[in-house]
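**Q** Before we start, here is the structure in question, set down as structure tokens.
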Amino acid sequence: MKRQKSSKFSPRALLERLPLEINRTTRVFAWLSLISQILIVGTGGAVRLTASGLGCTTWPKCTEDSFVTTPEMGIHGVIEFGNRLLTFVLIAIAIVMFLRIVRMRAERRDLFVLALVIGFGIPLQGVIGGITVWTHLNPYVVGLHFVLSTVLVVLATVLVWRVYKGNSPRTRVAPLWLTITTHVASLFVAVTILVGILTTGSGPHAGDHGAARNGLNSEILQHVHSWPAYITLGLTLIVIAGSLALRLVPTFRFGMLLFAIEGAQIIVGITQSRLGLPELLVGIHMVLACMLASAMTAVVLSLKQSR
Numbered sequence: 023m024k025r026q027k028s029s030k031f032s033p034r035a036l037l038e039r040l041p042l043e044i045n046r047t048t049r050v051f052a053w054l055s056l057i058s059q060i061l062i063v064g065t066g067g068a069v070r071l072t073a074s075g076l077g078c079t080t081w082p083k084c085t086e087d088s089f090v091t092t093p094e095m096g097i098h099g100v101i102e103f104g105n106r107l108l109t110f111v112l113i114a115i116a117i118v119m120f121l122r123i124v125r126m127r128a129e130r131r132d133l134f135v136l137a138l139v140i141g142f143g144i145p146l147q148g149v150i151g152g153i154t155v156w157t158h159l160n161p162y163v164v165g166l167h168f169v170l171s172t173v174l175v176v177l178a179t180v181l182v183w184r185v186y187k188g189n190s191p192r193t194r195v196a197p198l199w200l201t202i203t204t205h206v207a208s209l210f211v212a213v214t215i216l217v218g219i220l221t222t223g224s225g226p227h228a229g230d231h232g233a234a235r236n237g238l239n240s241e242i243l244q245h246v247h248s249w250p251a252y253i254t255l256g257l258t259l260i261v262i263a264g265s266l267a268l269r270l271v272p273t274f275r276f277g278m279l280l281f282a283i284e285g286a287q288i289i290v291g292i293t294q295s296r297l298g299l300p301e302l303l304v305g306i307h308m309v310l311a312c313m314l315a316s317a318m319t320a321v322v323l324s325l326k327q328s329r
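Every number in the numbering used here is 22 more than the matching position in the sequence shown, counting from 1.
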């Protein structure tokens, strides 16, 4: 008997149609991974800043009897449920990204692992979001939600970098003093974000009018939050000056991008503090924090170049 040909829609046939090398589509989805991870922070901020954190009263359902929002829940239910739906967009992007590199998993293990970790991180983020609802927006759980978002932004930035730079051996091109300065700056970026999370957890934007605060002094924390931010700014200027003098073009360019984001973040931070924390500025501040982490990651990555 003749062996029947496999259908062009069989799993094996579909797998064979997946790419064996990085191409433009793969790079597009890497960028979409990064952009979507930053955007969902913006929509999550909208949930919190419009007091819609309990717009859906439970999780994974929106109500005890419905997976979707109901008319009785009003605009808060729509905002909260809309943010939940965006998670599925991120999952779809992560799945496509994974499929774009799955056949390269042997020679591009770095991309395979990054895509896999980001893919699993998205549903984990959804679970933590559910826990925030179950705990009635506990500020520390909400803070953990933001920390994971920042980690996913950093991983997505590395993913974008890797699809462009390849997987050949990389060597450090910056002198030791500049490398140490850059890593210290990245440490202060992390401290700035963590203190910012505590500051937000002590402020008026709880996500719901009845949600608890962390009980810390918001006014003092606003000052403490600014200290590592200004240290980061000073270290960034040293990195920019050093990379310019040493003609390290990628480090200089990403350093300038980092400096621009820091400047915007400081201006927004001071303005929102003096205007009584208006919702729009707080939301912009949150998105800029993720952009700050992304730019800092790019500066660190630029310290090494492929041979």
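Think of the CB as a built atom: it goes at the ideal place given N, C-alpha and C, for glycine as much as any other residue.
1) Can you list, in chain order, the residues of its chain with a C-beta nearer than 7 angstroms to that of Ser-295? Leave out the 5 residues immediately preceding and following it.
2) Pick helix, strand or coil for Thr-109, following the three-state DSSP scheme.
3) For the stretch 300-318 against the stretch 175-187, are there 3 or more C-beta pairs whose distance is under 8 angstroms?
4) Please classify Gly-143 as buried or exposed, where buried requires at least 16 neighbouring CB atoms within 10 angstroms.
5) I'd like to check one pair, Val-322 with Ser-208: are the Cβ atoms closer than 8 angstroms?
6) Taking only three categories from DSSP, how would you classify Thr-193?
7) If you scan the stretch 164-226 from start to end, which runs of the beta strand (DSSP E) of 3 or more residues do you find wholly inside it?
8) Rounded to the nearest angstrom, what separates Asn-343 and Phe-276 at their Cα positions?
9) Ala-315 by DSSP, collapsed to three states: which one?
10) For Ala-137, does the count of other Cβ atoms within 10 angstroms reach 16, so buried, or fall short, so exposed?
11) Tell whether a beta-carbon distance below 8 angstroms holds between Val-175 and Cys-312.
12) Taking the alpha-carbon positions, what's the Arg-34 to Arg-49 distance?
13) Buried or exposed for Ala-196, please, with buried defined as at least 16 other CB atoms from any protein chain shown within 10 angstroms of its CB.
14) What are the start and end residues of the beta strand (DSSP E) that includes Ser-328?
15) Beta-carbon separation of Thr-214 and Pro-161 under 8 angstroms?
16) Check whether the Cβ atoms of Ser-221 and His-205 lie closer than 8 angstroms to each other.
17) What are the start and end residues of the alpha helix (DSSP H) that includes Ser-58?
18) Mark Ser-32 as exposed unless 16 or more other C-beta atoms lie within 10 angstroms of its C-beta, in which case mark it buried.
19) Beta carbon of Met-164, beta carbon of Thr-80: below 8 angstroms?
20) If you run the structure through DSSP and keep just helix, strand and coil, what is Arg-125?
21) From Leu-279 to Gly-77, what does the alpha carbon distance come to, in whole angstroms?
22) Alpha carbons only, please: which of Thr-193, Thr-109, Phe-281 is nearest the one belonging to Leu-60?
23) Are the CB atoms of Val-63 and Val-304 nearer to each other than 8 angstroms?
24) Drop a sphere of 10 angstroms on the beta-carbon of Phe-22, count the other beta-carbons inside from all chains shown, and report buried for 16 or more, exposed for fewer.
25) Measuring from the CB of Pro-250, is there a heavy atom of the ligand SAH at a distance below 7 angstroms?
26) Within 10 angstroms of the Cβ of Ser-328, are there 16 or more other Cβ atoms? Answer buried if so, exposed if not.
27) According to DSSP, simplified to helix, strand and coil, what is Ser-265?
28) Could you compute how far the alpha carbon of Phe-260 sits from the alpha carbon of Trp-199?
29) CA-CA distance, Gln-147 and Ala-267?
**A** The relevant details are as follows:
1) Your numbering for residue 295 matches position 273 in the sequence shown. These residues qualify, in order along the chain: Gln-244.
2) Counted from its first residue, the sequence shown places residue 109 at position 87. In this structure, Thr-109 counts as helix in the three-state DSSP scheme.
3) Counting C-beta pairs closer than 8 angstroms gives three or more between the stretch 300-318 and the stretch 175-187, which meets the contact rule.
4) Stepping through the sequence shown from its first residue, residue 143 is reached at position 121. Under this definition Gly-143 is a buried residue.
5) Here residue 208 is taken as the residue at index 186 of the sequence shown, counted from 1. Here residue 322 is taken as the residue at index 300 of the sequence shown, counted from 1. Taking 8 angstroms as the Cβ cut-off, Ser-208 and Val-322 qualify as a contacting pair.
6) If you number the sequence shown from 1, residue 193 lands on position 171. Thr-193 falls in the strand class under three-state DSSP.
7) 192-194
8) Residue 343 is absent from the structure shown; the chain starts at 23 and stops at 329.
9) What you label residue 315 is simply residue 293 of the sequence shown in a count that begins at 1. DSSP places Ala-315 in helix when its eight states are reduced to three.
10) Along the sequence shown, one-based indexing puts residue 137 at 115. It counts as buried.
11) Here residue 175 corresponds to residue number 153 of the sequence shown, with the count starting at 1. Here residue 312 corresponds to residue number 290 of the sequence shown, with the count starting at 1. Yes, they are a contact pair.
12) Here the question's residue 34 lines up with position 12 in the sequence shown. Here the question's residue 49 lines up with position 27 in the sequence shown. Between Arg-34 and Arg-49, the C-alpha separation is close to 24 angstroms.
13) Residue numbering aside, residue 196 sits at position 174 when the sequence shown is read from its first letter. Ala-196 should be labelled buried.
14) As a first step, residue 328 is located in the sequence shown; it is residue number 306 there, counting from the start. Secondary structure note for Ser-328: its beta strand (DSSP E) is the uninterrupted segment 326-328.
15) The count along the sequence shown starts at 1 and reaches residue 214 at position 192. The count along the sequence shown starts at 1 and reaches residue 161 at position 139. Against a cut-off of 8 angstroms, the Cβ pair of Pro-161 and Thr-214 comes out as no contact.
16) As a first step, residue 221 is located in the sequence shown; it is residue number 199 there, counting from the start. As a first step, residue 205 is located in the sequence shown; it is residue number 183 there, counting from the start. Going by the sequence as given, residue 221 is Thr instead of Ser. No, these two residues do not count as a Cβ contact at 8 angstroms.
17) Along the sequence shown, one-based indexing puts residue 58 at 36. From DSSP, the alpha helix (DSSP H) with Ser-58 extends over 46-71.
18) Position 10 of the sequence shown, counted from the first residue, corresponds to residue 32. So Ser-32 ends up on the exposed side.
19) Taking the sequence shown and counting its residues from 1, one reaches residue 164 at position 142. Taking the sequence shown and counting its residues from 1, one reaches residue 80 at position 58. In the sequence as presented, Met is not what sits at residue 164; that position holds Val. No, the pair does not count as a contact, with Cβ atoms beyond the cut-off.
20) Here the question's residue 125 lines up with position 103 in the sequence shown. Three-state DSSP puts Arg-125 in a helix.
21) Within the sequence shown, numbered from 1, the residue matching residue 279 stands at position 257. Within the sequence shown, numbered from 1, the residue matching residue 77 stands at position 55. Annotation: Leu-279 to Gly-77 spans about 37 angstroms, alpha carbon to alpha carbon.
22) Against the sequence shown, residue 60 aligns to sequence position 38. The sequence given here places Ile at residue 60; Leu does not occur at that position. Taking only the C-alpha atoms, the option nearest Ile-60 is Thr-109.
23) Residue 63 sits at position 41 when you count from the first residue of the sequence shown. Residue 304 sits at position 282 when you count from the first residue of the sequence shown. Cβ distance not < 8 angstroms, so Val-63 and Val-304 don't count as in contact.
24) With the chain represented from 23 up to 329, any question about residue 22 goes unanswered, as that position is not in the structure.
25) For the ligand SAH, the structure offers nothing, since it holds no ligand at all.
26) What you label residue 328 is simply residue 306 of the sequence shown in a count that begins at 1. Label assigned to Ser-328: exposed.
27) Your numbering for residue 265 matches position 243 in the sequence shown. In the structure shown, Ser-265 sits in a helix (DSSP, three-state: H, G or I).
28) Sequence index remark: in the sequence shown, residue 260 carries index 238 (1-based). Sequence index remark: in the sequence shown, residue 199 carries index 177 (1-based). Reading the sequence as shown, one finds Ile at residue 260 and not Phe. Using only the alpha carbons, I get a separation of about 11 angstroms.
29) Within the sequence shown, numbered from 1, the residue matching residue 147 stands at position 125. Within the sequence shown, numbered from 1, the residue matching residue 267 stands at position 245. Across the structure, Gln-147 and Ala-267 are spaced so that their CA atoms are roughly 42 angstroms apart.
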